[in-house]
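**Q**
Residue numbers (the working numbering): 24 to 477.
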């Protein structure tokens, strides 16, 4: 809607009469410049009485602050959408600035036309009307100055809006790039997660297969163990155990007899060789040639010999090198082979009346079956007491009712009967097996008899 109005400079008559003429009062002081348009009947002024519009700077600053406040709460996609929205807003603001610039140009033209019209009217009127026209011309000039200032402000706002639009455009492009990178990364992570899930599924399937195979193998092993246990149980029946024991005893007895026969034959052969042209008494070694036995020096003619005045020395001889190694402390007519004597010949030299006689085993010393296992079993149970029965002590047979306590410790062995200690001895540093020897006296002999019983 348009009005035909004149400028009002605040001058009125006392009776508030409106002066006739081409000009009418109008309120110039407003928040924004009025819009001027050329009409057919002269100058037509259209006043924009619409709602107040906030300055462009305040709008941009407010939106920028909101963006900064919400930056931490927005996701990348929302941030990109916000940047695009800000870019569109900046574009609209830039267009609005262009429109305002065009309006300012039109207003400048209108002000120039108005000024020319007022100047032409000033020459046609006189008196008070002329003064009013001059005052109107001055007001038009003031409006032109204000319009130029406003134009400068609009140019500055345009520059700022352009820069803001560029920054928002760059930010939007960066946001799009970030969104694309995040999408690629998300796709990569999804693919890796899928591959990981697939690997886990394959591992689970393989584990299930292995479990099935292992279960079958375990079942087969259990069945096998059950069969073995049944076999062992069947073999350990009392009747079969007795049969096995009797068979073992028979085999041992037969083996002992054959060994004795073989040793006797070898001794007789050696005796026949020595009797040729030799008047010195012939001595021989009596006893089994194996660990756990006792070798005694005896005279072949059957006459008892008194060894109290006779010196005896035992030697061990290597079968290949024929080296004679003296056995320290072995100076008695009886000797119990040691583990070091296994696989060697035993020889005893008897000196009497300035003459020397030699007694030698016919074969190599054999290891006693099971003796090492017995010793290792005792060593694996240190500081343990065993109830044992002593068969022989210092060559004297003992009654079977004589129950003793054998203590196998970490440092020594002790044989006791009740509270009385019968024998004890510390282990040597080089001892691998129990040194079954008669050379150290009655203690080792007692140990030998004990281990033979075990």
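Positions of the beta carbon are idealized from the N, C-alpha and C atoms, including for glycine.
Tell me the residue span of the beta strand (DSSP E) that contains residue 374.
**A** One-based indexing of the chain shown puts residue 374 at position 351. Where residue 374 is concerned, the enclosing beta strand (DSSP E) stretches over 368 to 375.
**Q** Suppose contacts are defined by Cβ-Cβ distances below 8 Å. Is residue 145 in contact with residue 153 by that definition?
**A** In the chain shown, counting from the first residue as 1, residue 145 sits at position 122. In the chain shown, counting from the first residue as 1, residue 153 sits at position 130. Against a cut-off of 8 Å, the Cβ pair of residue 153 and residue 145 comes out as a contact.
**Q** If we require 3 or more residues per run, which beta strand (DSSP E) segments fall completely within the region 404 to 447?
**A** 407 to 412, 426 to 431 and 435 to 440
**Q** Which residue's Cα is closest to the Cα of residue 323: 157, 280, 351 and 287?
**A** By 1-based counting over the chain shown, the position of residue 323 is 300. Of the candidates 157, 280, 351 and 287, the one whose C-alpha sits nearest the C-alpha of residue 323 is 287.
**Q** Given a cut-off of 8 Å on the beta-carbon distance, is the pair residue 368 and residue 379 in contact?
**A** In the chain shown, counting from the first residue as 1, residue 368 sits at position 345. In the chain shown, counting from the first residue as 1, residue 379 sits at position 356. Taking 8 Å as the Cβ cut-off, residue 368 and residue 379 do not qualify as a contacting pair.
**Q** Please classify residue 321: does DSSP put it in a helix, a strand, or coil?
**A** Mapped onto the chain shown, residue 321 falls at position 298. DSSP places residue 321 in strand when its eight states are reduced to three.
**Q** May I ask whether a heavy atom of the ligand FMN can be found less than 7 Å away from the beta carbon of residue 233?
**A** In the structure on display, the ligand FMN does not appear, and there are no ligands present to speak of.
**Q** Between which two residues does the beta strand (DSSP E) holding residue 311 run?
**A** Start at 1 with the first residue of the chain shown, and residue 311 comes out as number 288. No beta strand (DSSP E) contains residue 311, which DSSP labels as neither H nor E.
**Q** The beta strand (DSSP E) that contains residue 339, what's its start and end?
**A** In the chain shown, residue 339 corresponds to position 316, counting from 1. That run of the beta strand (DSSP E) goes 334 to 340.
**Q** Between the region 356 to 372 and the region 307 to 321, can you find at least three pairs of beta-carbon atoms closer than 8 Å?
**A** yes
**Q** Once you ignore the five residues that flank residue 141 on each side, which residues in its own chain have a CB closer than 7 Å to its CB?
**A** Reading the chain shown from its first residue, position 118 is the one you call residue 141. Short of 7 Å from the beta carbon of residue 141, and not among the five residues preceding or following it, lie these beta carbons of its own chain, in chain order: 156, 159, 160 and 163.
**Q** Under the assumption that residue 439 contacts residue 428 (Cβ atoms under 8 Å), give the Cβ distance between them as a whole number of angstroms.
**A** Residue 439 sits at position 416 when you count from the first residue of the chain shown. Residue 428 sits at position 405 when you count from the first residue of the chain shown. That pair is a contact at about 5 Å.
**Q** Would you kindly work out how many angstroms separate the C-alpha atoms of residue 216 and residue 226, rounded to a whole number?
**A** Here the question's residue 216 lines up with position 193 in the chain shown. Here the question's residue 226 lines up with position 203 in the chain shown. Roughly 15 Å separates the two Cα atoms.
**Q** What is the DSSP secondary structure of residue 361, reduced to helix, strand or coil?
**A** Locating residue 361 in the chain shown gives position 338, where the first residue counts as 1. DSSP, read as helix, strand or coil, puts residue 361 in coil.
**Q** What residues are listed by DSSP as bridge partners for residue 449?
**A** Looking up residue 449 in the chain shown gives position 426. DSSP output for residue 449 lists 435 as bridge partner(s).
**Q** For the beta strand (DSSP E) that contains residue 348, what are its first and last residues?
**A** For the purposes of this step, residue 348 is taken as the residue at position 325 of the chain shown. Start and end: 347 to 349.
**Q** Should residue 292 go down as buried or exposed, given a rule of 16 or more other Cβ atoms within 10 Å for buried?
**A** Counting from one through the chain shown, the residue named residue 292 turns up at place 269. The residue in question, residue 292, is exposed, as its Cβ has fewer than 16 Cβ neighbours within 10 Å.
**Q** Along the chain, where does the beta strand (DSSP E) containing residue 383 start, and where does it finish?
**A** Taking the first residue of the chain shown as 1, we reach residue 383 at position 360. Here the beta strand (DSSP E) through residue 383 covers 378 to 383.
**Q** Roughly how many angstroms lie between the CA atoms of residue 411 and residue 430, to the nearest whole one?
**A** Here residue 411 refers to the residue found at position 388 when the chain shown is read from its first residue. Here residue 430 refers to the residue found at position 407 when the chain shown is read from its first residue. Each residue's Cα considered, the two are about 10 Å apart.
**Q** How many Å lie between residue 253 and residue 247 at the Cα?
**A** Taking the first residue of the chain shown as position 1, residue 253 is located at position 230. Taking the first residue of the chain shown as position 1, residue 247 is located at position 224. Cα to Cα, residue 253 sits roughly 10 Å from residue 247.
**Q** Can you tell me whether residue 284 is helix, strand or coil according to DSSP?
**A** Against the chain shown, residue 284 aligns to sequence position 261. Three-state result, residue 284: helix.
**Q** Note down, in chain order, each residue of its chain lying with its Cβ closer than 7 Å to the Cβ of residue 280, except the 5 sequence neighbours on either side.
**A** Start at 1 with the first residue of the chain shown, and residue 280 comes out as number 257. The answer is none, since no qualifying residue turns up.
**Q** Exposed or buried, which one is residue 419 when buried takes at least 16 other CB atoms within 10 Å?
**A** As a first step, residue 419 must be located in the chain shown, where it is residue number 396. Looking at its Cβ environment, which holds fewer than 16 other Cβ atoms inside 10 Å, residue 419 is exposed.
**Q** Could you round the C-beta distance between residue 289 and residue 386 to whole angstroms and report it? I think they count as a contact, below 8 Å.
**A** Within the chain shown, residue 289 is the residue found at index 266, counting from 1. Within the chain shown, residue 386 is the residue found at index 363, counting from 1. Right, their Cβ atoms sit about 7 Å apart.
**Q** Roughly how far, in whole angstroms, is the beta-carbon of residue 448 from the beta-carbon of residue 432, given that I think they are within contact range, below 8 Å?
**A** Reading the chain shown from its first residue, position 425 is the one you call residue 448. Reading the chain shown from its first residue, position 409 is the one you call residue 432. Going by Cβ atoms, the distance from residue 448 to residue 432 rounds to 11 Å, so no, they are not a contact pair.
**Q** If you check the beta carbons only, do residue 336 and residue 320 fall under 8 Å apart?
**A** Translated into positions along the chain shown, residue 336 becomes position 313. Translated into positions along the chain shown, residue 320 becomes position 297. No, Cβ-Cβ distance for residue 336 and residue 320 is not below 8 Å.
**Q** What is the DSSP secondary structure of residue 154, counted as helix, strand or coil?
**A** Along the chain shown, read from residue 1 onward, the residue named residue 154 stands at position 131. Residue 154: helix per DSSP, three-state reduction.
**Q** Just tell me which of 334, 363, 389 and 408 has its CA closest to the CA of residue 372.
**A** The residue given as residue 372 occupies position 349 in the chain shown. Of the candidates 334, 363, 389 and 408, the one whose C-alpha sits nearest the C-alpha of residue 372 is 334.
**Q** Less than 8 Å separating the beta-carbons of residue 330 and residue 370?
**A** Sequence index remark: in the chain shown, residue 330 carries index 307 (1-based). Sequence index remark: in the chain shown, residue 370 carries index 347 (1-based). Not in contact: residue 330 and residue 370 (Cβ atoms no closer than 8 Å).
**Q** Can you round the beta-carbon distance between residue 390 and residue 365 to whole angstroms, since I take them to be within the 8 Å contact cut?
**A** The count along the chain shown starts at 1 and reaches residue 390 at position 367. The count along the chain shown starts at 1 and reaches residue 365 at position 342. Correct: roughly 5 Å between the Cβ atoms.
**Q** With H, G and I counted as helix, E and B as strand and the rest as coil, what does DSSP make of residue 389?
**A** Your numbering for residue 389 matches position 366 in the chain shown. Strand at residue 389.
**Q** Quick one, which of 183, 283, 208 and 229 has its alpha-carbon nearest residue 83's?
**A** For the purposes of this step, residue 83 is taken as the residue at position 60 of the chain shown. Comparing Cα positions, the closest option is 183.
**Q** Which residue's Cα is closest to the Cα of residue 104: 210, 274 and 202?
**A** Sequence index remark: in the chain shown, residue 104 carries index 81 (1-based). Taking residue 104 as reference, the option from 210, 274 and 202 with the minimal CA-CA separation is 202.
**Q** Ignore the nearest five residues each way along the sequence and tell me which others in residue 166's own chain have a CB closer than 7 Å to its CB.
**A** For this step, residue 166 is matched to residue 143 along the chain shown. Closer than 7 Å at Cβ, skipping near neighbours: 134.
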